[in-house]
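Its first residue numbered 4, the sequence shown is counted upward by one per residue in our numbering. One structure below.
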Amino acid sequence: MYWEKDIETASRQTLSQLQFSRLRETLTQLSHKSEFYQKKFREQGVTVDSIRSLDDVRRLPFTTSADLRAQYPDKLNIVDKDHLLRLHTSSGTTGKPKALFFSRKDIEILTNNFARCLTMVGCTPKDVFQNMMTYGLFTGALMSHYGAERVGMLAIPAGPGNSERQLMLMQDFGTTVAHATPSYALYFANFVEKKGLDPAKDISLRILLVGAESYTEETRRKIEKTFDADVFNCYGLSEMGGPGVGFECTAKNGIHLWEDTYLIEIIDPKTLEVLPPGEVGELVITSINREAMPILRYRTGDLTRIIPEPCPCGRTHIRVDRLKGRADDMIIVKGANIYPQQIERVLMKTEGVGRNYLIHLQGLDEMIIKVELDANAFDGQVSKLESMQKSITERIRAEVQVKPVVELLAPGTLPVSEGKTKRVIDNRSL
Ligand code: DLL
């Protein structure tokens with residue numbers, strides 16, 4: 004199903020022309036109104052007229068997360084205050100957040116793009132949409148809420164947590180589509196089971212929109228099996244307007260990023276050179292249809308690759324692979340570079356492993372992996388548990404070249420935060 008078939012299936016030539024004219028317009032606005040980019044253009048020796056093709060985007064300056072923080076609170080906004088409709092801030096670390104401004108036109112475009120995403124995965128006005136993302140300064144809930152209303156779905160602004168109430172809402176109002184982080188979706192499944200209910204049978208979810216955190220294909224399968232529903236990977240970041248920057252389609256093989264709104268590049272994070280399609284690197288995004296706060300060549304920190312083959316769904320917008328995590332997710336233990344996703348992949352493939360895990364680094368350089376089990380597996384014989392523990396330890400050692408200490412826990416033991424879940428706790432005294 005298409006929301007806007009013409010644009011979703013536009014030819015490469017049409018998309019490129021549109022992108023180029025929007026890029027030029029963005030650059031013109033920035034060169035008139037943004038002191039920050041005027042300075043960057045001068046330093047880089049570029050003028051609007053010197054950008055003559057889409058390839059010339061590589062001559063433009065990058066923008067980083069540190070740039071956004073340094074321009075706090077409003078130095079990157081280029082429209083008058085009375086044109087602004089909404090402020091969001093980035094999630095995350097300590098210190099000042101990144102402040103993100105949106106005009107009426109910006110909200111309109113983002114709402115429309117989210118409606119596109121929802122329709123692409125099969126949502127219709129008949130669906131009931133329970134939004135389990137955090138409402139507030141985080142973009143995750145409000146932006147998607149607007150998109151759901153635009154499609155005409157009944158939108159329930161549940162927010163995260165309070166699983167008792169989530170379940171009540173789901174059952175009483177017949178929720179068919181939920182939007183959640185992977186960790187909350189799995190935590191909620193434990194909760195439902197503890198009530199003696201079966202998430203696959205006793206609630207009527209048919210679609211879960213899952214994003215805001217990295218997760219593996221194995222975790223997707225686990226969520227799908229648990230709820231007997233389709234899970235679609237939703238990607239976005241606050242700097243580019245939050246969720247709905249891209250979604251998987253029903254082919255479930257890569258995330259379509261909306262190219263009438265964004266220019267996409269993959270770069271080598273070390274050399275900063277653009278990589279050819281197919282190679283893994285850092286995703287860099289330029290907003291080309293943003294009024295209040297256009298951002299050029301934003302270094303997302305997210306690692307992925309472009310999937311060069313055309314998508315069987317017929318959409319022509321670029322596809323990127325499931326995110327491989329962020330460059331800054333990497334941990335170094337005993338000299339080995341480890342991505343938490345490598346560990347997640349091993350765990351979620353293991354029979355009897357439940358729905359949550361935590362990597363604890365402590366002491367001199369010790370890696371403890373706390374793993375929740377399924378209720379059945381946890382209640383099993385001690386000898387079985389011992390052999391499971393041994394096998395997980397060995398398989399993780401083979402995957403990451405470091406031998407972990409594996410602790411097996413009862414389902415629902417590990418904490419789940421309402422926002423994004425922290426998978427690694429580093430208390431090392433190195
Ligand atoms: O997480 C926006 C969002 C909300 C996306 C709801 C999807 C659903 P931020 O808080 O700014 O915005 O975090 C953005 O989260 O750069 C990625 O590192 C990570 N991320 C978001 N979606 C995915 C995903 C929202 N599907 C940062 N897979 C991004 C992997 C994701 N990582």
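Beta carbons: idealized from backbone N, C-alpha and C, even for Gly.
{"Query": "Cut-off 8 Å between Cβ atoms - residues of its own chain near T142, not counting five sequence neighbours on either side", "Result": "H91, L103, G239, S241, G244, G245, P246"}
{"Query": "Beta-bridge pairing of D429 - partner residues as DSSP gives them", "Result": "L364"}
{"Query": "Check whether V124 and F235 have beta carbons under 8 Å apart", "Result": "yes"}
{"Query": "R329: CB within 7 Å of a non-hydrogen atom of the ligand DLL", "Result": "yes"}
{"Query": "Inter-residue spacing [alpha-carbon to alpha-carbon] between R25 and F44", "Result": "18 Å"}
{"Query": "Best match in L79, T17, G249, K84 for proximity to C120 [C-alpha to C-alpha]", "Result": "G249"}
{"Query": "Alpha-carbon spacing of R308 relative to V403, whole angstroms", "Result": "22 Å"}
{"Query": "Heavy atom of the ligand DLL within 7 Å of C120 beta-carbon", "Result": "no"}
{"Query": "Distance cut-off 7 Å: S93 Cβ against heavy atoms of the ligand DLL", "Result": "yes"}
{"Query": "Cβ-heavy atom distance, M136 to the ligand DLL, below 7 Å", "Result": "yes"}
{"Query": "S420 - DSSP class collapsed to helix/strand/coil", "Result": "coil"}
{"Query": "The stretch 265-284 in contact with the stretch 174-186 per 3-pair CB rule at 8 Å", "Result": "no"}
{"Query": "Exposed unless 16 or more other CB atoms sit within 10 angstroms - verdict on I428", "Result": "exposed"}
{"Query": "Beta bridge counterpart(s) of I334 as assigned by DSSP", "Result": "I341"}
{"Query": "Any non-hydrogen atom of the ligand DLL closer than 7 Å to Q141 Cβ", "Result": "The displayed chain sequence assigns Phe, not Gln, to residue 141. Yes, Cβ of F141 sits closer than 7 Å to a heavy atom of the ligand DLL."}
{"Query": "Reference L145; option with closest CA among E167, R89, Q344", "Result": "R89"}
{"Query": "Own chain partners of F117 with C-beta closer than 8 Å, once the 5 adjacent residues on each side are dropped", "Result": "M146, S147, Y149, G150, A151, R153, P246, G247"}
{"Query": "Which of helix, strand or coil DSSP assigns to R216", "Result": "The amino acid occupying residue 216 in the given sequence is Glu; Arg does not appear at that position. The answer is coil: DSSP assigns E216 none of H, G, I, E or B."}
{"Query": "3-residue-minimum beta strand (DSSP E) runs that sit fully inside the stretch 241-279, ordered along the chain", "Result": "245-251, 258-260, 265-270"}
{"Query": "Nearest candidate by alpha-carbon position, reference Q344, set P311, E216, A13", "Result": "E216"}
{"Query": "Pairwise C-alpha distance: T12 and V60", "Result": "24 Å"}
{"Query": "Classification of R223 by the beta-carbon crowding that lies within 10 angstroms, buried from 16 upward", "Result": "buried"}
{"Query": "Cβ-heavy atom distance, E216 to the ligand DLL, below 7 Å", "Result": "yes"}
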